[in-house]
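The sequence shown begins at 2 in this note's numbering and counts up by one. Before any comments, here is the structure.
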Amino acid sequence: MGSEINPSGVLKTNWVPGQPTVDQVSNSMQIFGIVDYVIFTLMLVSCGGIGIYFGFIKKSTGEDEYLVGGRNMKTFPVSLSLIASFFSGISLLGTPTEIYVHGTSYLFIAFGVILVGFTMSSIYLPVFHELKLTSTYEYLERRFDRKVRILGSTLFFIGIMLWLPIVIYVPALAFNQVTGVNVHIVTPFVCIICIFYTCVGGLRAVVWTDFIQAFIMFGAMLLVVIKGTVDVGGLGVVLQRNRDSDRLELPMTDLSPSTRHTIWALVIGGFVHWLQSAAINQNMLQRYMSLPNLYEAKKALWIFIIGAMGLIGICGYSGLLIYAWYHECDPLTTKLVNAKDQLLPLLVMDVLGQFPGFPGLFVAGVFSAALSSLSTGLNSMAAVIFEDFIKPFRKTPFSTRAADILMKLTVVILGVVCVGLVFIVEKAGTHVLELTITMSAIHSGPSLGIFSIGILLPWVNAKGALIGGLCGLGFMGWVTFSAQAAIASGNIISDEKSVTTEGCTYWFQQAENLLLAVPPDSVFETTVEGSSETWAIYRVSYLWYTVTGALVTMSIGLIVSIISSENVNKLDPTLVAPFLRKFLKTDNSIELHQVQINSVHETRFAEEITSEPSNHTKRST
C-alpha cells in the first residue's frame with residue numbers, strides 16, 4: 002500500500018480492496034499457543050521451586066544468610082546473577098528500539114562499561130569488600146555520620162521506587178504484543194511468583210533463579226537474532242539496509258553538551274552512569290559481598306563486564322535486524338505496535354510465530370530479565386530498610402525469627418506497591434531506555450557523588466557530604482522534571498532516522514503526524530525555534546545527567562568542608578581508596594573509626610585518649 006505525507010503533516014493512505022487491515026494483521030500475529038503457555042509457566046514454576054527449596058528445605062534463616070548468602074556463594078552463579086539483575090527487560094526491549102529509531106551510536110557506551118571494570122576493581126570494590134558490609138550505606142556512617150547514611154539510603158529508596166515499576170511494565174508490553182492479554186492482568190500474577198521466591202528464599206534463591214534466567218535470556222535473544230538474520234537474507238542484507246538508511250553511524254565528536262549522542266557523552270557519561278549502577282548500588286554490591294574474598298569478587302566483576310558487553314552487542318544487532326525486516330513498512334507509523342518498545346516482540350512473532358514454543362521461550366526470556374531485576378531490587382531494599390531504617394532505632398537486637406519476619410514483610414509490601422505503580426508508568430508513553438537513564442539521574446548522581454567524596458576526598462567532612470548530597474538531589478530533580486516537561490510539550494525533540502510505509506501490504510490510517518515520519522522542512526524550522534526558547538540546561542543530553550549530579554554534589558561538599566574547617570586528619574585508612582591510604586596519618590585510626598560508628602560512650606573514650614598521651618601511645622602500639 003502506498004502512502005505519503007501531505008504539506009499539512011497528515012499521513013494519507015490508499016486502500017486497496019481485499020487488503021487486510023492493520024488490526025487484522027495484529028490479531029493474526031497473536032498466536033501464543035498452549036505450548037508457549039506451558040514453557041512460560043515452567044519458567045515461573047522453576048523460580049517458585051527454587052524459592053521453596055531455599056525457604057523450606059535448605060532454609061535461609063538469619064540476617065547474614067538471608068541478605069548476603071552467608072558470604073560463601075560461588076563465583077560463576079553470582080556473575081550470571083549480576084548480568085541477569087542488571088539487564089532487565091528495559092535493556093532487552095529498549096536497546097533494540099534505540100538502534101531502530103536513532104542509529105548505532107548508542108552502542109559506543111560499551112567503552113564506558115570497560116572503564117567501569119577497571120575503576121571498580123581498583124577503587125570501590127576493595128573498600129566495600131574489606132569492610133564486609135551488608136548495607137552499602139553502612140559505609141556512609143563509618144566515613145561520615147548517621148545523617149549521611151540516612152540520606153544515602155533515602156536516595157536508594159527513591160531510585161528503586163522509580164525503577165522497579167518500569168522493570169515490571171516493560172515485559173508486560175511484550176506479553177501483550179504476542180497474546181493480547183492486558184498488561185494489568187499478567188503483571189500481578191507474575192510478580193506474585195517473584196515476591197514469593199524472594200520472600201521465602203533470600204539471596205540464595207535470588208542468585209540461583211537469576212542463574213537460570215540468565216541462560217533463558219541469552220538463549221532467547223540468540224535464537225531470535227540467528228533465525229531472523231537467516232530469514233531476512235543474511236548478515237550482508239541486514240548491514241546494507243541499515244547502511245542505506247544511515248543507521249550505521251559513528252557518534253558525533255563535537256563538544257556541545259546538548260548533542261544527544263557524542264563520543265564524549267557516551268564514553269564519559271555512560272561510564273559514570275554505569276559506575277553508579279554497578280559500583281555503589283545495593284542491588285549489585287550485595288552480590289559481591291556474598292563472595293568469600295576480594296579475588297573472587299573481582300573475578301565475578303570481570304565476568305559481568307564481559308557478559309554485559311556481549312548482551313549490549315546482541316541487543317544492538319537485534320535493532321538493526323528489526324529495521325532490516327520492516328525497512329519498507331514502519332510498524333510504528335502504521336500502529337501495528339502501540340508502543341516503541343514492542344518492536345522486538347513483533348519481530349519475534351514474525352520470525353518464530355510459526356514454531357510452537359519459541360514465542361513462549363522468548364517471552365520467558367524477557368520476563369526472566371524482569372524477574373531477576375525485580376527480585377534483586379526487593380531483596381536489596383529489604384536489606385537497606387532493615388539495616389538503615391529499622392535496626393539502628395532498636396535498642397535491643399532482633400531475634401533471628403523477628404528479623405526474618407520483618408525482612409520478608411518488607412519484600413511483600415514493596416512488591417505490592419511496585420505493581421500498583423505500573424498504572425502510572427503506563428501513562429508515560431515514552432521510550433523506556435532513555436526515560437530510565439534520565440529518571441535515575443535524580444538519585445544516582447548525588448549518590449555517586451557522596452560515595453566518591455568518601456572514597457576519593459578524605460578531607461571532606463560529614464557536613465559537606467550532607468549538604469552536597471541534598472543540593473545535588475534538589476538540582477537534579479529540578480533539571481530532570483523540567484526537561485521532561487519541555488519534551489512533553491514539544492519544545493525539545495530528538496532527531497530520528499527516516500522510515501517509510503511505501504511497502505506495506507495491509508491497510509492502515511494515520512490521522513496525525515508522527516515524529517517517526519519525515520515531516521516537511523517547515524516542521525523542523527518550528528521545532529528549532531521552539532527548542533531555543535527553553536533553557537540551555539534543559540537541552541543537555543540525558544547521558545550527562547548523572548555526571549552533572551555527581552559533580553554538583555562533590556563540588557558543594559568540598560566547598561562546605563573548606564568553609565567549616567572540621568578536622569578530618571585522623572581517618573581510618575580502610576575507608577578510602579587503596580592508592581590514597583599511604584598519604585593518611587595512620588595513628589589513632591582504630592579509635593577514630595570506633596567514634597564514627599558509635600555514640601556517646603565512644604566519644605567520651607576518645608576524649609580520655611586525647612587527655613592521656615602516654616596511654617594513647619600504648620594503645621596505638
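For glycine and all other residues, C-beta sits at the position ideal for the given N, C-alpha and C. Everything numeric in this text was worked out from a predicted model, so none of it was measured.
Check                                                                                                                    : Outcome
Collapsed DSSP secondary structure at W1 in the structure displayed                                                      : For the chain, the structure presents residues 2 to 622; residue 1 sits outside this window and is missing.
Straight-line gap, M121 to W460 (C-alpha atoms, nearest Å)                                                               : 21 Å
Distance between C419 and M162 (C-alpha atoms, nearest Å)                                                                : 7 Å
Collapsed DSSP secondary structure at T76 in the structure displayed                                                     : helix
Of the listed residues L116, H262, T210 and A537, nearest to L43 (C-alpha basis)                                         : T210
CB of V233 within 8 Å of CB of W164, strictly                                                                            : no
Same chain only: Cβ atoms within 8 Å of Q20, ignoring 5 sequence neighbours per side                                     : M2, T506, Y507 and W508
Cutoff 6 Å; reference H328; Cβ partners in own chain excluding five residues on either side                              : R242
Cut-off 8 Å between Cβ atoms - residues of its own chain near V486, not counting five sequence neighbours on either side : In the sequence as displayed, the identity of residue 486 is Ala instead of Val. Answer for A486: no residue qualifies.
Segments of 4+ residues assigned as alpha helix (DSSP H) that fall wholly inside the stretch 289-346                     : 295-326
Pairwise C-alpha distance: P447 and Q343                                                                                 : 33 Å
Inter-stretch contact at 8 Å, needing at least 3 Cβ pairs: the stretch 214-229 / the stretch 468-476                     : no
Spatially closest choice to L188 from F424, F363, K571 and T155, by CA coordinates                                       : Correcting the residue type first, residue 188 is Thr in the shown sequence and not Leu. The residue with the shortest Cα to Cα distance from T188 is F424.
Distance, V102 Cα to K498 Cα                                                                                             : 6 Å
CA-to-CA distance, L585 to S123, given in whole angstroms                                                                : 18 Å
Cα-Cα separation between V171 and S319, rounded to whole angstroms                                                       : 17 Å
The alpha helix (DSSP H) enclosing V433, as first and last residue numbers                                               : V433 to L457
Residues near A551 by beta carbon distance below 7 Å, same chain, minus five either side                                 : V273, G446, L449, G450 and S453
Beta-carbon separation (whole angstroms), L348 vs G118, contact threshold 8 Å                                            : Actually they do not touch by this definition, with Cβ atoms about 31 Å apart.
Beta bridge counterpart(s) of M253 as assigned by DSSP                                                                   : T263
Same chain, Cβ closer than 7 Å to Q178, neighbours up to 5 away in sequence not counted                                  : V338, Q343, P346 and L347
6 Å CB neighbourhood of V184 in its chain, flanking five on each side removed                                            : A173 and N177
Test item: CB-CB of Q358 and V128 under 8 Å                                                                              : First, the amino acid is wrong: residue 358 is Gly here, not Gln. Contact flag unset, no.
Rounded C-alpha distance that separates T549 from V480                                                                   : 10 Å
Beta bridge counterpart(s) of T22 as assigned by DSSP                                                                    : W508
Three-state class that DSSP yields for G181 in the structure shown                                                       : coil
K396 versus A463 - alpha carbon distance                                                                                 : 24 Å
The stretch 150-157 / the stretch 350-370 touching (three or more Cβ pairs under 8 Å)                                    : no
Buried versus exposed call for I564 [16 or more other C-beta atoms within 10 Å across all chains shown]                  : exposed
Residue closest to T96, alpha-carbon to alpha-carbon, out of I468, L457, Y138 and L434                                   : L434
Reference I32; option with closest CA among I414, M350, S400 and L407                                                    : M350
Distance CB(S92)-CB(P252) smaller than 8 Å                                                                               : no
Reference A175; option with closest CA among A340, F88 and N380                                                          : A340
Whether G455 touches R144 by CB criterion (8 Å)                                                                          : yes
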